[in-house]
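These notes concern the structure reproduced below.
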Amino acid sequence: MFVLNGSTFPILKGSELDYDALSAELRKLRENVAGVTDTVIAASDGIPIVADVAKNIDPAHISALAAADLGIARQAAEVIGLGTLSQTVVFGTEGYMAVYAIGRLSLMVVLGDKGLNLGRLLHETRPVIERVGVILSS
1 MFVLNGSTFP ILKGSELDYD ALSAELRKLR ENVAGVTDTV IAASDGIPIV
51 ADVAKNIDPA HISALAAADL GIARQAAEVI GLGTLSQTVV FGTEGYMAVY
101 AIGRLSLMVV LGDKGLNLGR LLHETRPVIE RVGVILSS
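Under the UniProt record's numbering, think of the first position of the sequence shown as 1, with each following residue one higher.
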């Protein structure tokens, strides 16, 4: 299941994930970093697990785009010899999309407006990624 604006939808059958804990992590990230507008945790194949997004944002669409972005960047990092990929950031004239690898099986997407504080985002996401990884693996 995934959670969207308080509603729960079944997606991962048989999963006993702590969706409340995942949602709390996304909410805290949005509250702690100026400019964060939307967040999604998804499987690496692009299936959303939990989302904290505006009504006009489709978590499935964002998750699929992020999975493709992460897959290409991960392959580039390996081919070039940069080691294990941890994140990508898309810079646009109206905002940002940051995609973080959570192990090899999941990812987190953070969307932000023009006022996003990238330094603060980098600082705040490291522990969030660790906690989300623990939640996903339990």
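Ideal placement from N, C-alpha and C gives every residue a C-beta, glycine not left out.
List the residues that DSSP assigns as beta-bridge partners of residue i.
i: ILE41; result: VAL50, MET108
i: ILE102; result: SER106
i: GLY95; result: GLY92, ASP113
Between which two residues does the beta strand (DSSP E) holding residue i run?
i: VAL79; result: Note, VAL79: premise wrong, no beta strand (DSSP E); alpha helix (DSSP H) at 59 to 80.
i: residue 164; result: It is not possible to answer for residue 164, since the shown part of the chain is limited to 1 through 138.
When you compare each of the options to residue i by their alpha carbons, which one comes out closest?
i: ILE47; options: VAL109, THR125, SER86; result: VAL109
i: residue 173; options: ILE41, ASN56, GLY92; result: In the structure as shown, the chain begins at 1 and stops at 138. Residue 173 is therefore absent and cannot be evaluated.
i: LYS114; options: VAL36, VAL79, ASP18; result: VAL36
i: GLN87; options: GLY95, GLU94, PRO59, ARG104; result: ARG104
i: SER63; options: MET97, ARG126, ARG131; result: MET97
i: THR93; options: GLY81, VAL79, LEU116; result: LEU116
i: LEU121; options: ASP18, LYS28, ASP20, VAL79; result: LYS28
Just to confirm, are residue i and residue j a CB contact at a threshold of 8 Å?
i: LEU22; j: ILE135; result: yes
i: GLY71; j: ALA77; result: no
i: SER137; j: ALA43; result: no
i: GLY95; j: LEU111; result: yes
i: ASP38; j: ALA54; result: yes
Taking residue i and residue j to be in contact with their CB atoms under 8 Å, please state how far apart those CB atoms are, rounded to whole angstroms.
i: residue 143; j: VAL128; result: This structure leaves residue 143 out entirely; the chain is present only between 1 and 138.
i: ASP45; j: ARG30; result: About 25 Å separates the two Cβ atoms, so there is no contact after all.
i: ASP69; j: VAL99; result: 5 Å
i: LEU85; j: ALA73; result: 6 Å
So residue i is in the alpha helix (DSSP H); what residue range does that whole segment cover?
i: ASP20; result: 19 to 32
i: GLU130; result: 118 to 137
For a cutoff of 8 Å on Cβ pairs, would you count residue i as touching chain B?
i: LEU82; result: This model lacks chain B altogether; it includes just one protein chain.
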